[in-house]
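Number of protein chains: 2
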Amino acid sequence: MKLDEKMGLLRTYIENQGLKFTNQRDCIARCFFRTRTHISLDELTVKVKKEIPGTGYATVYRTMKLLTDSGLALSRHFGDGQTRYENLPATGHHDHLICVKCSRIIEFQNEKIENLQNETAARFGFTVINHKLELYGYCPECS
Amino acid sequence: MKLDEKMGLLRTYIENQGLKFTNQRDCIARCFFRTRTHISLDELTVKVKKEIPGTGYATVYRTMKLLTDSGLALSRHFGDGQTRYENLPATGHHDHLICVKCSRIIEFQNEKIENLQNETAARFGFTVINHKLELYGYCPECS
DNA sequence: ATTGAAAATGAAAGTTATTATCATTTAAGG
DNA sequence: CCTTAAATGATAATAACTTTCATTTTCAAT
Ligand SMILES: [Mn+2]
Ligand SMILES: [Mn+2]
Ligand SMILES: [Zn+2]
Ligand SMILES: [Zn+2]
Numbered sequence: 006m007k008l009d010e011k012m013g014l015l016r017t018y019i020e021n022q023g024l025k026f027t028n029q030r031d032c033i034a035r036c037f038f039r040t041r042t043h044i045s046l047d048e049l050t051v052k053v054k055k056e057i058p059g060t061g062y063a064t065v066y067r068t069m070k071l072l073t074d075s076g077l078a079l080s081r082h083f084g085d086g087q088t089r090y091e092n093l094p095a096t097g098h099h100d101h102l103i104c105v106k107c108s109r110i111i112e113f114q115n116e117k118i119e120n121l122q123n124e125t126a127a128r129f130g131f132t133v134i135n136h137k138l139e140l141y142g143y144c145p146e147c148s
Numbered sequence: 006m007k008l009d010e011k012m013g014l015l016r017t018y019i020e021n022q023g024l025k026f027t028n029q030r031d032c033i034a035r036c037f038f039r040t041r042t043h044i045s046l047d048e049l050t051v052k053v054k055k056e057i058p059g060t061g062y063a064t065v066y067r068t069m070k071l072l073t074d075s076g077l078a079l080s081r082h083f084g085d086g087q088t089r090y091e092n093l094p095a096t097g098h099h100d101h102l103i104c105v106k107c108s109r110i111i112e113f114q115n116e117k118i119e120n121l122q123n124e125t126a127a128r129f130g131f132t133v134i135n136h137k138l139e140l141y142g143y144c145p146e147c148s
């Protein structure tokens with residue numbers, strides 16, 4: 006999805022909710038949509054302040070909540086006690102390999118695993134609405 | 006593993022580390038070994054206080070850290086922002102199905118998924134040392 | 001049993017990430 | 001240009017965890 010398309014969806018969501026489109030929201034959303042990492046609020050706030058110096062952490066927090074609620078961002082919790090946000094993956098859902106030494110994160114997709122997850126859940130009468138699969142270990146460079 | 010066997014392992018671990026075996030540690034460990042749930046520190050502290058009323062939360066916290074470090078307890082993080090502890094499963098490693106409505110937790114094992122995880126990691130040159138697989142959804146009663 | 005050094009305890013304070021409050025500013029429709 | 005509801009940023013509050021410290025307890029060596 007293109008940047009402008011995302012900004013359009015955000016505007017629509019904001020209008021529909023009776024909210025207002027502000028300078029800060031514009032800047033924070035653009036900064037976020039630009040990233041390709043799993044970014045924390047602290048990290049994102051640094052980026053945003055370079056464009057609008059006065060911006061408060063709370064506004065970044067609230068805007069990321071907005072983006073998450075609207076479905077334009079995904080929030081993730083890896084091992085480090087911080088919430089991280091990532092853009093919607095163009096290729097669809099993915100899971101993560103995380104290096105416990107250098108924190109490198111590799112994304113992967115595995116249709117077979119996903120299917121087995123659903124099979125397993127079904128066996129217990131569960132309806133899965135989301136899941137978390139994280140593999141922690143050593144990346145090639147840290148092995 | 007029997008209760009006494011676990012207590013023996015704990016004693017050994019404590020001796021080897023040059024630590025001391027106290028009344029509180031005995032009580033907290035027994036209370037924990039008795040549980041079959043994924044218990045939080047608050048919950049465990051309530052149980053412990055019924056046997057030794059003066060026991061402080063910090064002591065429960067420190068003892069569970071000890072049990073985790075010694076390999077006699079597993080710490081888990083589900084969605085609710087609290088650390089939970091569970092006994093070593095007699096049947097070996099398992100993963101979890103979690104009901105987002107009633108918080109019921111069902112444990113499952115799936116060898117195929119485990120193998121696919123390792124295959125996937127290997128494809129990226131990763132060595133997996135642990136993983137987290139949680140399936141969130143609705144249990145049969147809440148569907 | 002007594003002693004003494006080292007470790008454990010419990011209350012309280014400190015940490016850290018997140019979330020809420022509130023006075024002031026701003027967006028946007030009329 | 002006005003109105004007013006929402007947004008902002010500084011700050012305070014929360015919540016779970018972790019540390020500190022004065023006091024108590026353990027336990028090996030008398
Ligand atoms: Mn990702
Ligand atoms: Mn379990
Ligand atoms: Zn690495
Ligand atoms: Zn349920």
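Residue numbers (our numbering), protein chains in the order written: chain A, 6 to 148; chain B, 6 to 148.
Even for Gly, the Cβ is constructed at its ideal location relative to N, Cα and C.
Note that the structure is a prediction, hence the values are computed from the model and not measured.
| Query | Result |
| --- | --- |
| CB contact flag (phenylalanine 38 (chain A), lysine 11 (chain A), <7 angstroms) | yes |
| Expected contact under 8 angstroms - CB spacing of leucine 140 (chain B) and valine 133 (chain A) to nearest Å | 5 angstroms |
| Distance CB(asparagine 57 (chain A))-CB(cysteine 36 (chain A)) smaller than 7 angstroms | Inspection of the sequence shows that residue 57 (chain A) is occupied by isoleucine rather than by asparagine. No. |
| Cβ neighbour criterion (16 or more within 10 Å) applied to leucine 24 (chain B) | exposed |
| Residue-level contact to chain A via CB, leucine 102 (chain B), 7 angstroms cutoff | yes |
| Member of A:Cys107, A:Gly76 and A:Ile111 whose CA lies at the smallest distance from the CA of histidine 99 (chain A) | A:Ile111 |
| Histidine 101 (chain B) beta carbon less than 7 angstroms from that of glutamine 122 (chain B) | no |
| Closest Cα partner of serine 108 (chain A) within the set A:Thr60, A:Leu79, A:Gln22 and A:Gly84 | A:Gly84 |
| Beta-carbon proximity list for glutamine 87 (chain B), same chain, < 6 angstroms, skipping 5 on both sides | Ser45 |
| Reference asparagine 21 (chain B), options B:Glu116, B:Leu71 and B:Glu91, closest by Cα | B:Leu71 |
| C-alpha distance - glycine 130 (chain B) paired with glutamate 146 (chain A), whole-angstrom precision | 9 angstroms |
| Leucine 138 (chain B) versus methionine 69 (chain A) - alpha carbon distance | 26 angstroms |
| Span of the alpha helix (DSSP H) around aspartate 9 (chain B) | 8 to 21 |
| Given arginine 30 (chain A) as reference, the closest of A:His43, A:Arg41, A:Gly13 and A:Thr42 once Cα atoms are compared | A:Gly13 |
| Identity of the residues DSSP links to lysine 137 (chain A) by a beta bridge | B:Glu139 |
| Coarse secondary structure for asparagine 92 (chain A), derived from DSSP in three states | strand |
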